[in-house]
Amino acid sequence: IRIAVLISGNGSNLQAILDACQAGEINGEVVAVVSNKADVYGLTRAEEAGVPALVVAPQAGESREDYDARLDAELSQLNVDLVVLAGFMRILSEGFVNRFAGRMLNIHPSLLPKYTGLNTHQRALDAGDEEHGCSVHFVTPELDGGPVILQAKVPVFEGDDADDLAERVHTQEHRIYPLVVKWFAQGRLTMTDGKALFNGEVL
Ligand code: GRF
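And the structure:
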């Protein structure tokens, strides 16, 4: 399958997916890495992997719909089967999301439905949670609200700060995201009626 990965930053999840494709774990190819920001390290990772890297930067005064239409045009031209959001820090319009329904994944650094949005690690600490983690889900128009495919848990230790937790969660992200992309490439993952299915069974 043809995969586009959308990023805004460091791209460590992108790297995990590139590595899994390279190793033959994922039966697919990252055909483009798209960033909404120039000069982020994820773009360098793409170049080093020999993958086309492009920046689609928002223009002054541009509406969300117009930006998303430009993004859509790029992805359509590439004949993308799967859109992987990997630290892409923009909210996508309903039209865009619906166009890629069942073909767009996101990873979120919390045990959804807990802590949608930002600052998840600090929020887990503030709540006194004993466990935290990350979730891979299909993207629906509701922010971080689509059906969950796979989660990984990590313990919260006394004295942890948000950076400690982020690092522990990242290690798990790099394990579960390539795995879910692998399943998708095998045709085992679908979204029907807002539910995620694995081999046809509701998750
Ligand atoms: C990850 O923590 C992911 O869960 C969140 O953004 C971060 C991206 O990290 N959506 P990276 O750019 O993949 O290193």
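In full-length UniProt numbering, each residue carries its 1-based index in the sequence shown increased by 3.
Even for Gly, the Cβ is constructed at its ideal location relative to N, Cα and C.
Note that the structure is a prediction, hence the values are computed from the model and not measured.
- The beta carbon of residue 43 is closer than 6 Å to those of 12 in its chain, skipping five residues each way along the sequence.
- For residue 190, the number of other beta carbons within 10 angstroms of its own is below 16, and it is reported as exposed.
- Of all alpha-carbon atoms in 126, 194 and 203, the one lying nearest the alpha-carbon of residue 103 is that of 194.
- Under the Cβ criterion (8 Å, minimum of three pairs), the stretch 17-30 counts as touching the stretch 168-181.
- Closest in alpha carbon position to residue 98, among 55, 91 and 74, is 74.
- Here the distance from the Cβ of residue 89 to the nearest heavy atom of the ligand GRF is below 7 Å.
- Secondary structure in the stretch 41-125: the alpha helix (DSSP H) runs of 4 residues or longer, each lying completely within the stretch, are 44-51, 67-80 and 97-102 in chain order.
- Partner residues in the beta bridge of residue 199, as assigned by DSSP, are 194.
- Using a Cβ-Cβ distance cut-off of 8 Å, the stretch 104-117 and the stretch 24-35 are not in contact, since fewer than three pairs of beta carbons, one from each stretch, lie closer than that value.
- In terms of CA proximity to residue 174, 137 leads the group 101, 164, 65 and 137.
- With contacts defined by Cβ atoms closer than 8 Å, residue 111 and residue 147 form a contacting pair.
- Under the three-state reduction of DSSP, residue 160 is assigned to coil, being neither helix nor strand.
- When C-alpha distances from residue 81 are compared across 7, 113 and 66, the shortest belongs to 7.
- The three-state reading of DSSP puts residue 169 in helix, counting H, G and I together.
- For the ligand GRF, a non-hydrogen atom lies closer than 7 Å to the CB of residue 17.
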